[in-house]
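Colleague: Chains as they are written, first to last, in numbering that gives the first Met the number 0: chain A, 0 to 645; chain B, 0 to 292; chain C, 0 to 250.
The structure that follows is given in the form of structure tokens.
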Amino acid sequence: MSLRQLTKFSTITKKTIKEKSVKTILFLSAISAVIVIFSIIFFLFQDGYSIFQTAGLWEFLSGTRWNPTGEPPVYGAFSLIVGTLLVTIGAMVIAIPLSIGSAIFISEIASPRIRSIIKPAIELLAGIPSVVYGFFGLIVLTTWLRISFNQPSGESWLAGSILLGIMAIPTIASVAEDAISSVPREYKEGSLALGATKWQTISKVIVPSALSGITAAVILGMGRAIGETMAVMMVCGNPTYGLIPEPITNIFAPVKTLTATLGIEMGEVAQGSNHYHALFGLALLLLIITLAVNIIATVILGRLKEKQKKVLKKRIPLPYGISKKIKKTLYVIIGLLVAWLLFISSGIITTILILSIVASIYYISRKISAKNIQRVAFGAIISTIVIVIIILAILISYIVSNGIGAISWEFLTTEPADAGRAGGIFPAIVGTFYLIAGAILIALPLGVGSAIYLTEYTREGKLTKIIRAGADLLNGTPSIVFGLFGFAFLVLYLKMGISLVAGQVTLAFMILPTIIRTTEETLKSVPQSLREGSLALGATKWQTIRRVVLPPAAPGILTGAILGIGRAAGETAPIMFTAVAFSGAIPSSVFQPVMALPYHLYILSTNVPNSTQNAGGTALVLLLLVISIFLIAVIIRNHYKKTIKW
Amino acid sequence: MIKIVQTKKKKETKTLLAIGFLSITLISTTLLSGCTQNQNGLSIVVIGRDSASGTREFFWEHVMGKENFTSKLQEKNSNGGIYQTVTQTPGAIGYVGLGYVDSGVKALKINNITANAENVLAGTYPIARDLYLFTMGNASGLAKEFIEFIMSTEGQEIVDEEGFVPLPTSEAYNSTNKNPSGSLTIGGSTTVFPIIEKAKDAFKVKYPQISITVSSTGSGAGITSVMAGTVDIAMSSRDLKSSEDNKGLMKYTIASDGIAIIVNPENTYVDNITMEQLKAIYKGEITNWDELT
Amino acid sequence: MKELIRTIDLSLWYGEKQALTDVNLQIAPNKVTALIGPSGCGKSTLIRCFNRMNDVIPGCRVKGQVLFHSKNIYGQNVDASEVRKKIGMVFQKPNPFPKSIYENVAYGQRVAGIKSNEKLDEIVEKSLKRAALWDEVSDRLHEPAMSLSGGQQQRLCIARALSIEPEIILMDEPCSALDPIATAKIEDLIRVLIKNYTVTIVTHNMQQAARVSDYTAYMYLGKLIEFGSTKQIFENPEEELTENYITGRFG
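Take a look at the structure:
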């Protein structure tokens, strides 16, 4: 062999070694991500199911009293389940009309200039941390409810639903808006060409076509509401054993949700005790509910798509007349049910009044021209967006006006004093930065590595589907469940103690599924033709990924990472029992506890009386921090949307 | 085309006006009906603590006789939380450590005994308890120094300042030839928390090189944490339960306290209450303040 | 010639770009008028002016008049949806709604306010028969429209356009997405339809224009170059540009 051939040969071997080692590293990160995802699920299951044995599965699910520290202890989760459901239903009642109205407004009615203002405004609502909502709810909302409706206490199901509803609006609105704007323009034009008004087109063609996406949006919103901890913990009243309101429609009754129970009781459980297992049982319940919601969403989406595209095979179609009759009877039954609910909750007079109003509106609407119906409909839609903007304005102005008085150089650079009523929040700011830095250092490489491996190195098959399902499940899992996992596994089992590193790892696990999914989506959007072009020029797989696939995907990956950071910065539940202390200094090692802004706000507003000024200041600083993180992500996304055109 | 459109318009304007009028009537009636929730007297809003609380545990044993609370009791996670809710809710009743009583709330007399330090010391106030610090095994090193400091005269002055009841006797704190270092994690009772916070500040003045972190998560949480090793010292406003005995915990009594029953200052229905009435309220048997006058 | 539609100095801009310049055209009743020309000449833009479909496009500006029965449809108080009930449109790509066949054809009358089931049944049957689709779908009216073939879908769209009883049917390259057999069926249909309707068709297929239309308008770069009877345009064009296009020298 000539010298030239020898050197050629050795370069090939070097290349191959590099290729192989890169592939192994990526494989390891994918495996670790998979291990993390499934071991969390497994751990919860293992520590949870023993309570079903101790207390009995039926008693656990149907018992109405939750008293784990009583003599004898009673583990009945039914009233907690009902509490979660009631608060979620109430939230949906508020969120769905406002979100869908906003979505329709943004995609069909607003001019491009107004759209460019309103869309980020709604996304801003998503950036506000839940503990800030809770703070607002505790100080303003509950008092307002108590006074306006002349109730003994404002802490109630209604307060929780209002906060959760507002928090769910951005989720539902943005996904619904995506669905509505992706309805093909041909449908819109086809309808208009037949002489339909704009509103008729929207209501009869566009929205029905987008129904699958809208349903998915609503279900995502529901998942958000089910999993919320801090806001409900602060405003729902938390009746001590759980409470099913009497009558069930009493929206001013206090309720206790599954998530609030976890948040309240987690700190006091001894490892391995029955109470400990009981809390895991609740976490398992939450996980199952999340899973059920995910599955229902996928099934509904599948069926809707099928219905629109092709004839369902192997189904004996009902004769048309009969299916119409069934629909009619269904409407009658639902109508009777609603009337009965109205009757038991507000008496015969109101029922008759409301029913007659509804009947007359129905009768009148048949007589009015399409143009006037459009005017009314557009009026209603514009009012929904106005309401959403007003809510946003009230929230932001309240926090700014309350907090601005506390902000000073001293506030930002000194330690707290007098239990936080005086002094500053410097250690909390630093602590928050440490937490998110650690979280992203762990989650980003792990998440991006796994996503690259899954997208580029494996074929689409059963394995990748399972991994994606696991990631989706964890994506929708309530953050308090991550907190429980972190507390039980990292703090207690691994004996990390309440420490910065336990908090960083817990947060990392929480944002890992999001990073995996967003990276995967971004990588998939890079056209296959680019990869093929690179390989056809003799580049290796890793070279192709590094030089051709990753650069255009970088903004998307970055955006996903930044959104993960924003979420980690604002969350309280995962760090409450894993990393934080109320008063302390900046930790000198990762094994010490740390202060953090969300937790500081939570303790000030619920534990320390007469601290509203500093609580306001903390809320403002936290809000500014999270909003700026989200804004950076939005700017990057918009900038690169313009430059990358496939 | 145009003529037909015009006559249609007239009919519809009428119908639109009708709808507008109808909806205004509907909305106003609903709003008005909602506002006439007539209240005779003032409903009692029962506020209590979560299950991690030592105060609640004590209250449950000594006032409730271990009977169940009313299911309408709203849980707060701290003394501060109860205080806050009572100041904001006209009909509320709650229980807090003596140190949390100030002009923002009205503390009821129990059997005509005022809730204050003298009556606790004299033993006449019916709901009184001690406040403790717990460590695993004997306290050593920095923890030992800190506990000594709290039990010293200087520390007991802080107890007094915070509104709690100091120990009957105490010695001066001796800091000669002492150079402790390192860090201390303390967690537990929200009742004891204000004392420890202040003591921490004073202690750090003596030894600036040490660091102490404090969290208030409830007595039960503190005790569990010190047993699990996640904190060095547990603050507690209750003694150990039977399930916590014989686990190697060392108890240090640092103060006494009374549990004050507080109501909103605007509550003019009661100034004094009996233990039986208190229990009945917390069991949900008495639901309106006017039942007590 | 009596005219149904007449444009007067019609010009149109998409933002800064001018797409139509001073077009003066007449559409004769009960006849087929074809608009032909190379890509980008403005024929689709022009036909979309006839039913104010260009309103949907943001940044679109119109100058001049489009007279329908001597009234300017771009006038001050004219309601576009009323115009569209008289001037129907079939699009290039068949666009049935994701609903059943029945619901697609009934849609136009439903939005016009007809609620009686008997009336709707009648209209659906009549329209489908007029579109020569009834025999193929009468037994599966409530199945999804998407289950039909491309050619059937386009005839469904024609039936749907007919259901609102327009005076004119505008067709924007209706056969370009269809195979030759389906195309032939639709061309036959057009010749039958003009007994009761007027048809204006945009096509890039010259042979189709020659087969199907009575009048032809040739457009180039947004201007109407020549208009006349189909026979005259194809056999004896007056303008050189027209002749170049017809003889295939470009386009």
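From the three backbone atoms N, C-alpha and C, an ideal C-beta is built for every residue, glycine too.
This one's a predicted model, so the numbers in the text were calculated from it and none came from an experiment.
#1: Please list, in chain order, the residues of the region 195 to 219 of chain A that have any C-beta partner in chain D closer than 9 Å.
#2: Between the region 105 to 125 of chain C and chain A, which residues of the former have CB atoms less than 8 Å from a CB of the latter, in chain order?
#3: Is there a Cβ from chain C that is less than 8 Å from the Cβ of A:Y361?
#4: Bridge partners for B:Y94 per DSSP, in chain order?
#5: Taking Cβ positions only, does B:C34 come closer than 8 Å to chain A?
#6: Taking the DSSP output, what are the residues bridged to C:Y217?
#7: Can you give me the start and stop residues for the beta strand (DSSP E) that B:G186 sits inside?
#8: How many whole angstroms separate the CB atoms of B:L97 and B:A259, which I take to be in contact at a CB cut-off of 8 Å?
#9: Mind checking whether A:S98 and A:A158 have CB atoms under 8 Å apart?
#10: Any Cβ of chain C within less than 8 Å of the Cβ of A:A358?
#11: Just the chain B side, please: which residues come within less than 9 Å of A:N655 by C-beta, in chain order?
#12: Out of B:F57, B:N78 and B:G186, state which residue places its alpha-carbon closest to the alpha-carbon of A:E267.
#13: Hey, would you say C:V110 sits closer than 8 Å to A:L193, going by beta carbons?
#14: Within 8 Å (strictly less), CB to CB, does B:S215 reach chain A?
#15: Compute the Euclidean distance between the alpha carbons of A:Y362 and C:P95, then round it to the nearest angstrom.
#16: Write down every uninterrupted run of the alpha helix (DSSP H) in the region 363 to 443 of chain A whose length is 4 residues or greater and which is fully enclosed by it, in chain order.
#17: Per DSSP, what kind of secondary structure is A:R516 in: helix, strand or coil?
#18: Taking only beta-carbon atoms, is C:M251 less than 8 Å away from chain A?
#19: Where does B:E144 sit, in a helix, a strand or coil, going by DSSP?
#20: Count the CB pairs spanning the region 97 to 106 of chain C and the region 137 to 145 of chain C that are closer than 8 Å, and state whether there are at least three.
#21: Below 8 Å CB to CB, which residues in the same chain sit around B:T35 once its five sequence neighbours on both sides are set aside?
#22: Let me make sure I understand the geometry here. Which of A:V429, A:T15 and A:R145 has the alpha-carbon closest to that of A:H599?
#23: Which residue spans inside the region 218 to 276 of chain B form an unbroken alpha helix (DSSP H) run of at least 4?
#24: Do you know offhand how far A:A120's Cα is from A:L137's?
#25: Taking its Cβ as the centre, do 16 or more other Cβ atoms sit within 10 Å of A:V310, making it buried, or is it exposed?
#26: What distance in whole Å lies between the Cβ atoms of C:Q151 and C:E172, which are believed to be in contact at a cut-off of 8 Å?
#27: So the candidates are A:V298, A:P444, A:A501 and A:F134; which of them puts its Cα closest to the Cα of A:V607?
#28: Within the same chain, show all residues whose beta-carbon is closer than 7 Å to that of A:A269, passing over the 5 residues directly before and after it, in chain order.
#29: Would you list, in chain order, the members of the region 486 to 515 of chain A that have their beta-carbon closer than 8 Å to a beta-carbon of chain B?
#30: Does any residue of chain B have a CB that is nearer than 8 Å to the CB of A:N401?
#31: Of all Cβ atoms in chain C, is any one closer than 8 Å to the Cβ of A:L191?
#32: So if DSSP puts B:S151 in a beta bridge, which residue, or which two residues, is it bridged to?
#33: Which residues in chain C sit within 8 Å of A:E185, going by Cβ to Cβ distance?
#34: DSSP three-state call for C:V191: helix, strand or coil?
#35: Pull up the distance between the alpha-carbon of A:L440 and that of A:F377, whole angstroms please.
#36: Three or more beta-carbon pairs under 8 Å between the region 158 to 168 of chain B and the region 241 to 251 of chain B, yes or no?
Modeller: If we stick to the structure as given:
#1: The displayed structure is made up of protein chains A, B and C, and chain D is not among them.
#2: Hits within the stretch, in order: Y106, G107, R109, V110, A111, G112 and K114.
#3: The residue you call residue 361 of chain A lines up with position 362 of the first sequence. Among the CB atoms of chain C, none fall inside 8 Å of the CB of A:Y361.
#4: In the second sequence, counting from the first residue as 1, residue 94 of chain B sits at position 95. DSSP links B:Y94 through a beta bridge to B:I260.
#5: Start at 1 with the first residue of the second sequence, and residue 34 of chain B comes out as number 35. Residue placement at B:C34 cannot be trusted, given a pLDDT of 46 that sits under 50; what the coordinates show is reported in the next sentence. At least one CB atom of chain A sits nearer than 8 Å to the CB of B:C34.
#6: Numbered from its first residue, the third sequence carries residue 217 of chain C at position 218. Residue pairing by DSSP places C:Y217 opposite C:I35 and C:E225 in a beta bridge.
#7: Taking the second sequence and counting its residues from 1, the one referred to as residue 186 of chain B is at position 187. Counting along the chain, the beta strand (DSSP E) containing B:G186 begins and ends at S182 to G187.
#8: As a position in the second sequence, residue 97 of chain B is number 98, starting the count at 1. As a position in the second sequence, residue 259 of chain B is number 260, starting the count at 1. Between the beta-carbon of B:L97 and that of B:A259 there is about 6 Å, and that keeps the pair under the 8 Å contact cut.
#9: Mapped onto the first sequence, residue 98 of chain A falls at position 99. Mapped onto the first sequence, residue 158 of chain A falls at position 159. In this structure, the beta-carbon distance from A:S98 to A:A158 does not fall below 8 Å.
#10: If you number the first sequence from 1, residue 358 of chain A lands on position 359. Cβ-Cβ to chain C under 8 Å: no for A:A358.
#11: Chain A is shown only over 0 to 645; residue 655 of chain A falls outside these bounds and no answer can be derived.
#12: The count along the first sequence starts at 1 and reaches residue 267 of chain A at position 268. Among B:F57, B:N78 and B:G186, the Cα nearest to that of A:E267 is on B:G186.
#13: For the purposes of this step, residue 110 of chain C is identified with residue 111 of the third sequence, where counting begins at 1. For the purposes of this step, residue 193 of chain A is identified with residue 194 of the first sequence, where counting begins at 1. Closer than 8 Å, so yes.
#14: Looking up residue 215 of chain B in the second sequence gives position 216. Yes, because at least one Cβ of chain A sits closer than 8 Å to the Cβ of B:S215.
#15: As a working note, residue 362 of chain A is residue 363 in the first sequence. As a working note, residue 95 of chain C is residue 96 in the third sequence. Taking the straight line joining both Cα atoms gives about 31 Å.
#16: The region 363 to 443 of chain A contains these whole alpha helix (DSSP H) runs: 369 to 403 and 408 to 412.
#17: Stepping through the first sequence from its first residue, residue 516 of chain A is reached at position 517. Reduced to three states, the DSSP call for A:R516 is helix.
#18: Past the boundaries of the shown model lies residue 251 of chain C; chain C is included only from 0 to 250, so the question cannot be answered.
#19: Numbered from 1 along the second sequence, position 145 holds the residue referred to as residue 144 of chain B. Secondary structure at B:E144: helix, using DSSP grouped into helix, strand and coil.
#20: Verdict: yes, contact present.
#21: Residue mapping note: residue 35 of chain B aligns to position 36 of the second sequence, counting from 1. In this prediction, B:T35 has a pLDDT of 46, which is less than 50 and means its spatial position is unreliable; nothing more can be read from the coordinates.
#22: Position 600 of the first sequence, counted from the start, is the residue given in the question as residue 599 of chain A. The residue with the shortest Cα to Cα distance from A:H599 is A:V429.
#23: Scanning the region 218 to 276 of chain B for uninterrupted alpha helix (DSSP H) segments of 4 residues or longer gives 218 to 227, listed from N- to C-terminal end.
#24: As a first step, residue 120 of chain A must be located in the first sequence, where it is residue number 121. As a first step, residue 137 of chain A must be located in the first sequence, where it is residue number 138. Taking the straight line joining both Cα atoms gives about 24 Å.
#25: Start at 1 with the first residue of the first sequence, and residue 310 of chain A comes out as number 311. Residue confidence is low: A:V310 scores 47 on pLDDT, short of 50, so the model does not pin down where it sits. No coordinate-derived value is stated.
#26: Residue numbering aside, residue 172 of chain C sits at position 173 when the third sequence is read from its first letter. Residue numbering aside, residue 151 of chain C sits at position 152 when the third sequence is read from its first letter. So it is not a contact: roughly 18 Å between Cβ atoms.
#27: The count along the first sequence starts at 1 and reaches residue 607 of chain A at position 608. It is A:F134.
#28: Numbered from 1 along the first sequence, position 270 holds the residue referred to as residue 269 of chain A. Excluding residues within five positions, the ones whose Cβ falls inside 7 Å are Y275.
#29: Correct list: V490, L491, K494, G496 and I497.
#30: By 1-based counting over the first sequence, the position of residue 401 of chain A is 402. It does not; no Cβ of chain B falls within 8 Å.
#31: Residue 191 of chain A sits at position 192 when you count from the first residue of the first sequence. True, the Cβ-Cβ gap to chain C drops below 8 Å.
#32: Counting from 1 along the second sequence, the entry for residue 151 of chain B is found at position 152. DSSP, once it has assigned bridges, lists no residue as partnering B:S151.
#33: Here residue 185 of chain A corresponds to residue number 186 of the first sequence, with the count starting at 1. Those are F90, K92 and N94, listed as they occur along chain C.
#34: Within the third sequence, numbered from 1, the residue matching residue 191 of chain C stands at position 192. In the three-state scheme derived from DSSP, where H, G and I count as helix and E and B as strand, C:V191 is classed as helix.
#35: Sequence index remark: in the first sequence, residue 440 of chain A carries index 441 (1-based). Sequence index remark: in the first sequence, residue 377 of chain A carries index 378 (1-based). Distance between the alpha carbons of A:L440 and A:F377: 48 Å.
#36: Touching, no, given that fewer than three Cβ pairs across the two stretches are closer than 8 Å.
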